[in-house]
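The structure appears right after this line, and notes come after that.
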Amino acid sequence: MPYDLVRPLLFSLDAETAHEFALCALAASGRVLPAKRLDAAAAVEVMGISFPNRIGLAAGLDKNGEAIDGLAWLGFGFLELGTVTPRPQPGNPRPRMFRLPEVKGIINRMGFNNHGVDALIANVSAAKYKGVLGINIGKNFDTPIERAADDYLAALDKVYPFAHYVTINISSPNTKNLRQLQDASELDDLLTRLKAAQTRLADVHGRYVPLALKIAPDLDDEQLGAIADALRRHRIDGVIATNTTLARDKIEGVRFSEQTGGLSGAPLFEASTAIVGKLSQALAGELPIIAAGGVFDARTARAKLDAGASLVQLLSGLVYRGPGLVRECVQATL
Ligand SMILES: Cc1cc2nc3c(=O)[nH]c(=O)nc-3n(C[C@H](O)[C@H](O)[C@H](O)COP(=O)(O)O)c2cc1C
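Anchor point for the sequence shown: position 70 equals 66 in the numbering used here, and the numbering is continuous, going up by one each time.
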């Protein structure tokens, strides 16, 4: 069914209900369809993984891996599930997701609502999908920030055998003090422990699974330089730029702009693309960049590659443009 017909129905519902409805429909279609196989003629190698195309699903849409097989049918070259935390947690009270249609934005303060890492692994194991899977991990809201590394390590241990790559999410604005982990000394400590765990797990499982760090768009040049330096020193395999923004300058006066949370979608495009550009300069090709933020069409997808990204993820664009956006972006980034 054309998305132009479905969208008014979804937009008549509150944002999170629409999201749940869409995810349910995808999960149901995934159950009846056979496993999706993609043509690998346009495959690209990034982080040592062969991606059938450059367009992926960003974390947050399928936090528990409930609709993997349905999502695969949209034509993504890779799917990133999560953020998942070691223990299940309910997230923040509703309402916690808001559409800002005048500016094609979304504000969310979900707060890592998820069923926990064990439930995610069960869903991944039950899926027919054999394509590239990223699993994005975070910390539980009630784990003190000084003990955050323990949560990342516990989740990494569990997801490692099921993921093609694992994303370390230290950039959600909706978990208290989480972004503090981007500061130089805390980041150094976290990356040291994660890298040691990765080396150990590669040995145990006989397979090297790359680690990607997901960063915020709200970083000044000095902070970004320090992060780039840490990524190189610790030989992290990739970086995802970016998560949602706390900035509101692009949406002043728009309904819901005062809501607490992270802003995504079109108003994030410029800032997140600028981060990709600066990172690309600082990293000089030493590790690949996966771009996310405000990709809504062929032009914005292409712009991420021009800024230095190797792969591109979508989320808010799917809400506004529907599944056709995937094909459009895949074509634009061949
Ligand atoms: C409702 C919603 C939930 C999200 N949840 C997560 C999450 O759990 N983990 C994460 O790393 N990013 C999460 N994100 C951020 C997206 O993965 C992405 O980085 C960001 O939205 C920018 O891309 P976009 O402009 O295409 O949406 C979420 C975004 C939205 C809109």
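Even glycine gets a Cβ: it sits at the ideal position worked out from N, Cα and C.
Residue i versus the options, residue with shortest Cα-Cα distance
i: leucine 279; options: Ile271, Arg228 and Val322; result: Arg228
i: asparagine 239; options: His201, Gly290 and Asp217; result: Gly290
i: proline 89; options: Gly107, Leu6 and Thr79; result: Gly107
i: alanine 38; options: Phe47, Ala303, Gly257 and Pro86; result: Phe47
i: valine 340; options: Gln219, Ala122, Lys172 and Ile286; result: Shown here, the chain extends from -3 to 330; a query on residue 340 therefore has no answer.
i: glutamine 327; options: Leu5, Glu16, Arg50 and Val2; result: Arg50
i: arginine 105; options: Ser167, Val40, Asp35 and Ala297; result: Ser167
i: glutamate 182; options: Arg244, Ala237, Glu142 and Ala193; result: Glu142
i: serine 276; options: Phe252, Pro319 and Gly221; result: Gly221
i: aspartate 216; options: Ile271, Val200, Asn109 and Pro30; result: Ile271
i: lysine 300; options: Arg251, Leu283 and Thr329; result: Thr329
i: aspartate 114; options: Pro140, Leu152 and Gly127; result: Leu152
i: asparagine 109; options: Asp199, Leu314, Leu96 and Pro91; result: Pro91
i: proline 284; options: Arg244, Phe17 and Ala237; result: Ala237
i: arginine 244; options: Asp225, Ala267 and Ile223; result: Ala267
i: proline 30; options: Glu16, Ser121 and Tyr125; result: Tyr125
i: phenylalanine 381; options: Val128, Asp147 and His15; result: Residue 381 lies beyond the stretch modelled for the chain, which goes from -3 to 330, so this question has no answer here.
i: isoleucine 45; options: Glu62, Val80, Phe74 and Asp65; result: Phe74
i: phenylalanine 252; options: Val205, Leu96 and Ala159; result: Leu96
i: aspartate 302; options: Gly318, Thr269 and Thr81; result: Thr269
i: isoleucine 164; options: Arg317, Thr81, Asp0 and Ser121; result: Thr81
i: phenylalanine 158; options: Tyr(-1), Pro140, Gly304 and Pro206; result: Pro206
i: valine 28; options: Gln85, Tyr(-1) and Asp65; result: Asp65
heavy atom of ligand 1 below 8 Å from residue i C-beta
i: glycine 258; result: yes
i: phenylalanine 74; result: no
i: glycine 112; result: no
i: glycine 320; result: no
i: lysine 59; result: yes
i: phenylalanine 265; result: yes
i: glutamine 309; result: yes
i: glycine 313; result: yes
i: tyrosine 268; result: Checking the sequence, you will find serine at residue 268 rather than tyrosine. Within the cutoff, so yes.
i: histidine 160; result: no
i: serine 121; result: no
i: isoleucine 117; result: no
i: methionine 43; result: no
i: methionine 93; result: yes
i: threonine 163; result: yes
i: methionine 106; result: yes
i: isoleucine 247; result: no
i: glycine 130; result: no
i: isoleucine 285; result: no
i: serine 337; result: Nothing about residue 337 can be reported from this structure: the residues present for the chain run from -3 to 330 only.
i: histidine 201; result: no
i: lysine 172; result: no
Three-way DSSP call (helix, strand, coil) for residue i in this model
i: lysine 274; result: helix
i: glutamine 255; result: coil
i: lysine 59; result: coil
i: alanine 54; result: coil
i: leucine 215; result: coil
i: glutamate 248; result: coil
i: glutamate 282; result: coil
i: alanine 288; result: strand
i: glycine 313; result: helix
i: valine 40; result: strand
i: threonine 171; result: coil
i: serine 8; result: helix
i: threonine 188; result: helix
i: arginine 323; result: helix
i: leucine 1; result: helix
i: leucine 152; result: helix
i: lysine 126; result: coil
i: valine 205; result: coil
i: threonine 238; result: coil
i: isoleucine 166; result: coil
i: phenylalanine 72; result: coil
- request: Would you check if there are 3 or more beta carbon pairs closer than 8 Å linking the region 246 to 257 to the region 131 to 143?
  value: no
message: Closer than 8 Å is the cut-off here; do at least three beta carbon pairs connect the region 185 to 199 with the region 306 to 314?
response: no
- request: Please confirm if the region 316 to 323 is in contact with the region 63 to 76, defined as three or more CB-CB distances below 8 Å between the two stretches.
  value: yes
message: Any contact between the region 162 to 177 and the region 7 to 18? By contact I mean 3 or more CB pairs, one from each, below 8 Å.
response: no
query: Quick check: the region 94 to 105 against the region 259 to 274, are there 3 or more CB pairs under 8 Å?
result: yes
- request: Determine contact between the region 231 to 246 and the region 191 to 210, defined as no fewer than three beta-carbon pairs at a distance below 8 Å.
  value: yes
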